[in-house]
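Residue numbers (our numbering): 188 to 572. Just so it is clear, CB atoms sit at the ideal spot from N, CA and C, and this is done for glycine as well. In this text the structure is predicted, and so the values were computed from the model without any measurement.
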Amino acid sequence: MELKSNQTSPVLADPAPVNKSRLGIASNLLPYSQQGASFPSGKYVSIPKKKPLQLDDVRSNGWLDDMISSSPPRKKLLKDFTLEIAVDETEIAYCAWMLKYPSALNCFEQIVKRAKNKKIAIFLDYDGTLSPIVDDPDRAIMSSSMRAAVRNLTKYFPTAIISGRSRDKVFELIGLTELYYAGSHGMDIIGPVSNTASDKHPNTVKSGDKQGKEVKLFQPAREFLPMIDEVFRILVKNTKKIEGAKVENHKFCTSVHYRNVDEKHWPTIAQIVHDILKDYPRLRLTHGRKVLEVRPVIDWNKGKAVEFLLESLGLSSGDDVLPIYIGDDRSDEDAFKVLRVGNLGYGILVSSVPKETKAFYSLRDPSEVMQFLKSLVRWKEEEEA
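Have a look at this one:
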C-alpha cells in the first residue's frame, strides 16, 4: 500500500459500550481458562476488613528490591585533602556499558546504512524519552523544540507514541494530530484502517476522527475498565496518608508513584498494593521508574502494540521495513525484544545509568533523543534532495 507519513489521527471519544459477547477479550489473550473468570454481579470484589500491614510479604517477594533498583545511585562526596569532589560513581560503569550498547548518535551512519531503501517506522515512549522525568507527572511537559522535532519527523516517517499514560492524556501533552497514539502500555490504540487482519480483531472498532477520517480503535482489555476504576479508588483511599504518594488512573491500568515519598515509607506503599492485589487475581503488578503499575492479566504489552501498528500500517512483512523504538522504561523492553528477535529493527534505550536491556543502542537523555530525531530528518532530506 502507498505509505503516507503525515496522516492525522487525533484522539477520539470512546464509542458507546459494546456488547461483551461481540467485543470481549479473545481467548488467545488470556493466559488461563476463561471458566469461572467472569465477574460476579454487583461489586466485583468484597474488600475484607483492613488488616495490619505485613511488611514481610513485600520483602520476601522481591518488590522492595525492584523498587530500590528503579532509583539511580546517588553521587558520592570524596574528600581529597581540602577539596570535596562530587564523583558520579556510575560514570565509569556507564562508559563500560556503552561498549555493549553504543550511542545511537555515534552509530548513526551504521543505522542509516541499514535503512537505505527501507521504510522506517518510528515508535516513541513519552516520559523520560520526549520529556524529562520530573517529580510531578503532570508537569512532564515536552519542550517546544522537541515538539517541532517530532512534527518534522512525521513528514517523512509514520510515527507512533506508545506510553503507559492514558491515550487521552498523552495526546493532551503532545498535541500533534500527525501521530498515532497507543496509551495504557498499548492497551488503547488508535490507528489507520488498513483492511488487514488487525481490522478484524474482535476488540477493534472502526470510528471517525474529528476531521472525518476513518480510523480504528483497539482496546484488548476493555472489559477490565470497571475493575481498574475500583482498584484506583481503593489505592487513592489507602495511600492518602502517605506524604508524596500519587495515584493515577491511566484507564486500562493504574499507577502509584513513590518518587516523592520518603524511602522509609516505600515498604508501606508496596504492602498496600500487595494486599489489594490479593483480592484481584485478574490484575498484576509491574515496576516502572519509581512507580508501581497495576495492569490486567492479559497477553498484551508494548511489543504487541508495535506489531499491531506495523500491521495496521502495512509494514508487518518484507525486508524493506526498519522499525525503530526509543524508550526508557522497563515496559519498553517488550518492544525491544520484539525488534531484536529476528533482527527486525532497532531498540534504543534512553538511560544515563547502566541497565540490562534488549535494546541495540542507547541515548543518554531526551536532549540526545531530539538530536537523533533531527539527524533522521536531515538524512532523509539529503537522501531525497
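Assuming residue i contacts residue j under a Cβ cut-off of 8 Å, what Cβ separation, rounded to an integer in Å, is found between them?
| i | j | result |
| --- | --- | --- |
| V540 | V556 | Wrong, their Cβ atoms sit about 16 Å apart, outside the cutoff. |
| T391 | F405 | 5 Å |
| S442 | E435 | 5 Å |
| Y313 | S353 | Going by Cβ atoms, the distance from Y313 to S353 rounds to 11 Å, so no, they are not a contact pair. |
| P345 | L560 | Not really, about 14 Å apart at Cβ, beyond 8 Å. |
| N502 | K306 | The sequence shown places Leu at residue 502, not Asn. Contact flag correct, Cβ pair sits at about 6 Å. |
Tell me which residues share the same chain as residue i and place their Cβ nearer than 7 Å to its Cβ, disregarding the 5 neighbours each side in the sequence.
| i | result |
| --- | --- |
| I429 | V448, H452, T455 and I456 |
| G534 | Y512, A522, F523, L526, R527, K545, A546 and F547 |
| V357 | Y313, I348, S350, Y368 and G370 |
| A280 | P541 |
| V380 | D386, K393, E401, V402 and K403 |
| W284 | P541 |
| S225 | Confidence at S225 is low in this model, with a pLDDT of 43, below 50, so its placement is unreliable and no value can be given for it. |
Would you kindly check if the distance between the Cβ of residue j and the Cβ of residue i is under 9 Å?
| i | j | result |
| --- | --- | --- |
| Y548 | A291 | yes |
| A308 | P510 | yes |
| L531 | I376 | no |
| V525 | K491 | yes |
| V402 | G370 | no |
| R476 | D521 | no |
| I513 | L311 | yes |
| D462 | N304 | no |
| K438 | D355 | yes |
| A336 | V493 | no |
| V478 | L422 | no |
| H474 | D323 | no |
| H372 | C440 | yes |
| Y327 | L360 | The sequence shown places Ala at residue 327, rather than the Tyr named in the question. Contact: yes. |
| R577 | G431 | The chain is shown from 188 up to 572; residue 577 falls before or after that span and cannot be answered. |
Cutting at 6 Å between CB atoms, please list the residues of its own chain near residue i, excluding the five before and the five after it.
| i | result |
| --- | --- |
| K567 | Y343 |
| K433 | H444 |
| E570 | none |
| M333 | L317 and M557 |
| M329 | L317 and S318 |
| K237 | Reliability fails at K237, whose pLDDT of 48 lies under 50, so the model's placement of it is uncertain and no value is given. |
Over the uninterrupted beta strand (DSSP E) stretch that includes residue i, give me the two end residues.
| i | result |
| --- | --- |
| Y281 | No beta strand (DSSP E) contains Y281, which is instead part of the alpha helix (DSSP H) from E278 to K287. |
| H444 | T441 to H444 |
| P510 | V508 to G514 |
| P483 | V478 to P483 |
What is the residue span of the alpha helix (DSSP H) that residue i lies within?
| i | result |
| --- | --- |
| F295 | F295 to A302 |
| R354 | R354 to I361 |
| P541 | No alpha helix (DSSP H) holds P541; DSSP gives it neither H nor E. |
| S350 | No alpha helix (DSSP H) holds S350; DSSP gives it neither H nor E. |
| V493 | K489 to S499 |
| L366 | That residue, L366, is in no alpha helix (DSSP H); it is neither H nor E in DSSP. |
Within the same chain, show all residues whose beta-carbon is closer than 8 Å to that of residue i, passing over the 5 residues directly before and after it, in chain order.
| i | result |
| --- | --- |
| D416 | N436 |
| S228 | Confidence is the limiting factor: at S228 the pLDDT is only 42, short of 50, which leaves the residue's position unreliable, though a coordinate-based value still follows. Once the five neighbours on either side are set aside, S228 has no close Cβ partner at all. |
Report yes or no: do three or more beta-carbon pairs, one from the stretch 340 to 352 and one from the stretch 540 to 555, lie closer than 8 Å? no
When the Cβ atoms of the stretch 312 to 320 are set against those of the stretch 548 to 562, are three or more pairs found closer than 8 Å? Contact holds between the stretch 312 to 320 and the stretch 548 to 562, because three or more Cβ pairs, one in each stretch, are under 8 Å apart.
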